[in-house]
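Protein chains: 2
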Amino acid sequence: MSITIKEIAEKANLSIATVSRALNNLDNVKPATRDLVLSIAGELNYKPNVIARNLVKNTSNIIGVVLPQIDGEFFSEIIHGIDEIAYTGGYHVIVASSHSQRTVAQSIINFMGETIVGGMIILAPMINDQIREIIKGTSVPTVIINGRTHLDNIDTVSIDNYQGAYSMTEYLIKIKGYKKIAHIKGPILNTDASMRYKGYIAALKDNHIQIDESWIINGEFTAESGENGCRRLLSLNEKPEVIFAGNDMMALGCFRVVKAFGMKIPNDIGVVGFDNIMLSEFASPRLTTVHVPISEIGKTATEILLKRMKTTSDNNFKHLKISTGLVIGDSC
Amino acid sequence: MSITIKEIAEKANLSIATVSRALNNLDNVKPATRDLVLSIAGELNYKPNVIARNLVKNTSNIIGVVLPQIDGEFFSEIIHGIDEIAYTGGYHVIVASSHSQRTVAQSIINFMGETIVGGMIILAPMINDQIREIIKGTSVPTVIINGRTHLDNIDTVSIDNYQGAYSMTEYLIKIKGYKKIAHIKGPILNTDASMRYKGYIAALKDNHIQIDESWIINGEFTAESGENGCRRLLSLNEKPEVIFAGNDMMALGCFRVVKAFGMKIPNDIGVVGFDNIMLSEFASPRLTTVHVPISEIGKTATEILLKRMKTTSDNNFKHLKISTGLVIGDSC
DNA sequence: ATCAAATTTGTAAACGTTTACATTATTAAA
DNA sequence: TTTAATAATGTAAACGTTTACAAATTTGAT
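Here the protein sequences come in this chain order: A and B.
Following our numbering, the residues of the first sequence are numbered contiguously, the last one being 334.
Following our numbering, the residues of the second sequence are numbered contiguously, the last one being 334.
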């Protein structure tokens with residue numbers, strides 16, 4: 003069995019209360035005794051029993067992370083970001099990735115139901131009413147990543163998709179001189195997707211470029227849907243000069259189709275994306291895209307969460323936007 | 003506050019002991035009372051406090067997963083596999099990914115020190131003496147993925163790298179008719195890498211092909227090291243006909259260099275890899291490689307772990323090998 | 001109906017902490 | 001010194017379970 007404060011107390015001729023206070027260096031404990039306790043603790047290689055502490059404190063130093071079905075790269079990067087901050091704060095990270103056996107909503111309910119987590123980070127690009135209701139009813143501090151920001155009784159962290167798409171579109175217009183700019187959108191209910199679309203539209207309008215509905219295609223953020231979108235665009239009478247795909251996977255889908263059509267990127271048509279995934283670095287030509295600092299999103303969300311876990315009575319909810327940056331490749 | 007067995011006991015006019023027994027449907031509890039308890043529990047939406055249970059049972063329904071710095075795809079797949087099995091068994095998964103703040107060894111010590119995990123899965127392609135010592139001294143049930151199998155007082159799950167590399171090499175020789183087969187190895191201390199190398203050598207020997215040391219290059223499992231290796235191979239007087247890279251990332255590095263040299267794959271030189279990562283699907287031509295069922299590894303490891311967590315007194319340690327399969331692309 | 005055995009339930013301690021409250025020791029002012 | 005204020009420590013309850021052990025109830029054979 004492992005060392006408990008009881009043993010330390012015995013060895014130091016103190017009560018367990020004082021030992022506890024000394025270890026957590028609380029209010030009134032004489033420096034000499036604190037040093038004594040600490041040295042004995044070190045000697046015995048004492049490690050606090052987190053479970054016991056959690057029980058009495060009615061909370062937990064575990065952060066639950068709920069993830070939808072997402073790309074492996076995004077998955078690992080976000081966990082890394084969360085884990086790094088959590089670790090330095092003495093917290094652990096439980097992941098609940100969505101799979102055949104479990105939906106996002108179920109994961110959340112699970113986490114809250116068992117007393118297992120002291121805080122939650124939910125990655126929900128497509129937050130729906132069900133999830134919203136569940137979260138509303140909980141007392142577990144929660145941060146949502148990529149939620150609609152108008153969930154205002156909860157902290158949120160999101161990518162500044164609007165700004166990213168706006169910058170990219172403006173870059174295509176002002177720097178590259180394109181006028182015929184197509185866009186392949188992401189899933190309809192996906193917040194990221196719709197904000198990117200809005201940024202694209204706004205940049206066109208601000209630069210007095212006529213919006214052509216036939217150049218706006220629905221996609222699903224998958225390579226395949228990018229292929230389909232691209233095929234449709236290339237079969238139009240009036241083809242666009244450049245395709246702004248809602249994400250990199252779709253852009254890579256476009257790459258495939260363009261090549262299959264025997265056309266050259268960027269000479270015959272430009273293709274740009276959004277996300278800056280690792281894959282895009284291996285594409286040839288190198289993809290011009292919008293960099294999303296995934297790990298930073300995780301870190302920021304965790305920082306906010308830890309603060310909230312420490313001070314519950316703060317009604318000032320944060321809505322942070324993580325800004326993006328253009329990555330200039332050779333694809334337009 | 004949430005519902006406890008105390009409240010159920012009150013409502014049912016029973017002691018908390020009986021309620022506990024009923025909920026865990028233990029030995030001797032009258033069917034009628036069990037039903038009563040269960041219905042009240044359902045009514046009140048009772049969820050057991052796992053923390054309290056863990057405290058008294060001196061264990062935990064949390065599995066700690068220790069991961070080194072690995073590729074995002076591998077990371078997420080393995081977690082998925084682990085999580086899926088863990089979830090159906092009522093377990094949670096804590097991840098400790100290695101990052102700037104923490105090494106693998108530290109993660110393990112952390113997990114064991116705090117009472118936080120009831121079992122561990124350690125992904126350690128480069129298991130060293132330090133880690134071995136730490137694991138030896140723990141009472142936490144542990145499964146190692148990719149460890150040397152000669153750690154015989156512990157369960158292990160590993161990829162059958164030898165068989166995979168052997169099959170690939172044999173395929174190159176017998177089906178494709180290659181005789182000049184180069185190999186770019188992975189990191190020296192990496193078990194996967196060395197087993198792959200051994201498989202390659204064995205297949206050459208078994209097919210009576212002279213081994214040429216200048217065609218065997220050290221790599222680091224990174225795209226860059228693949229580039230370097232390829233560059234060296236292409237600058238030899240007697241060039242190989244095909245390069246068997248120790249993993250896909252290095253194979254993709256080769257792709258880049260071959261293209262930069264103005265050569266064509268597979269006409270001028272063949273390139274094959276190992277792992278079957280998603281990236282390789284996007285390479286052109288499609289990479290011929292060895293498929294590693296990552297998710298299945300995670301699942302298998304978890305199944306073994308859960309069994310061991312339930313019955314501690316089993317000294318019959320398992321050493322499972324997950325077999326691989328060839329994926330035929332167009333790169334050789 | 002009686003008694004022993006078997007079944008079912010209850011009592012209370014335990015798990016390792018934290019913390020309100022009580023007690024004791026120390027300090028500083030009178 | 002005495003006394004009051006302050007600082008340091010101790011006592012004991014609490015967190016929500018599980019589980020030996022004890023007690024009570026039911027069952028079945030006589």
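Note that beta-carbon positions come from the ideal geometry of N, C-alpha and C, so glycine has one too.
- Residue Gln103(A) holds the alpha-carbon nearest to the alpha-carbon of histidine 82(B) among Ile64(A), Pro127(A) and Gln103(A).
- Out of Ser325(B), Tyr180(B) and Arg310(B), the CA that lies nearest to the CA of isoleucine 156(B) is found in Arg310(B).
- The region 268–310 of chain A is shown to contain whole beta strand (DSSP E) runs of 3 or more residues at 272–274 and 291–293, in chain order.
- Neighbours of aspartate 85(B) across chain A, judged by C-beta separation under 8 Å: Val97, Ala98, Ser99 and His101.
- Contact of isoleucine 299(A) with chain B is not assigned, every C-beta pair being separated by 8 Å or more.
- At least one beta carbon of chain A lies nearer than 8 Å to the beta carbon of isoleucine 81(B).
- Between the C-alpha atoms of glycine 264(A) and isoleucine 330(B) there is a straight-line separation of about 25 Å.
- In the structure shown, the three-state DSSP call for glycine 121(A) is strand.
- Chain-ordered listing is empty here: chain B has no CB closer than 9 Å to the CB of glycine 44(A), the nearest sitting near 13 Å.
- Among the CB atoms of chain A, none fall inside 8 Å of the CB of threonine 302(B).
- Lysine 187(A) carries a strand assignment under DSSP once its states are collapsed to helix, strand and coil.
- Comparing alpha-carbon positions, the option among Ile84(B), Ala54(B) and Lys200(B) lying closest to isoleucine 213(B) turns out to be Lys200(B).
- Relative to glutamate 45(B), the option among Asn112(B), Ser169(B), Ile10(B) and Leu322(B) whose CA is nearest is Ile10(B).
- Between phenylalanine 257(B) and valine 244(B), the gap from beta carbon to beta carbon reaches 8 Å or more.
- Residues of chain B with a Cβ closer than 7 Å to the Cβ of arginine 104(A) are, in chain order, Tyr89.
- In the DSSP secondary-structure assignment, phenylalanine 77(A) is not bridged to any residue.
- The residues Ile186, Lys187, Gly188, Ser227, Gly228, Gly231, Gly248 and Met252, in chain order, have a CB closer than 7 Å to that of glycine 221(A) in the same chain once the five nearest residues on each side in sequence are set aside.
- The DSSP-derived three-state label of phenylalanine 246(B) is strand.
- From the beta-carbon of leucine 281(B), the residues of chain A found nearer than 7 Å are Leu281 and Phe284.
- With 16 or more other Cβ atoms from the protein chains shown falling within 10 Å of its own Cβ, histidine 94(A) counts as buried.
- The beta carbon of isoleucine 123(B) sits no closer than 8 Å to any beta carbon of chain A.
- With 16 or more neighbouring CB atoms inside 10 Å of its own CB, glycine 166(B) falls in the buried class.
- Taking all protein chains shown into account, glycine 179(B) has fewer than 16 neighbouring C-beta atoms within 10 Å of its C-beta and is therefore exposed.
- Asparagine 27(B) sits exposed, since fewer than 16 C-beta atoms from the chains shown fall within 10 Å of its C-beta.
- Taking the beta carbon of alanine 107(A) as reference, no residue of chain B falls within 9 Å; the closest one sits roughly 14 Å away.
- For lysine 49(A), at least one C-beta of chain B is nearer than 8 Å to its own C-beta.
- Per DSSP, the beta bridge partners of threonine 144(A) are Met122(A).
- Two segments are said to touch when three or more pairs of C-beta atoms, one from each, lie closer than 8 Å; by this definition the region 158–165 of chain B touches the region 320–329 of chain B.
- Residue environment: glutamate 75(A) is assigned as buried (16 or more neighbouring CB atoms within 10 Å of its CB, all protein chains considered).
- The beta carbon of isoleucine 80(B) is closer than 6 Å to those of Ile296 and Gly300 in its chain, skipping five residues each way along the sequence.
- By the neighbour-count criterion, in which a residue is buried when 16 or more other Cβ atoms sit within 10 angstroms of its Cβ, asparagine 269(A) is exposed.
- For alanine 14(A), the closest C-alpha among the options Leu40(A), Ala204(A) and Val58(A) is that of Leu40(A).
- Threonine 144(B) is a Cβ neighbour of glycine 121(B), given a cutoff of 8 Å.
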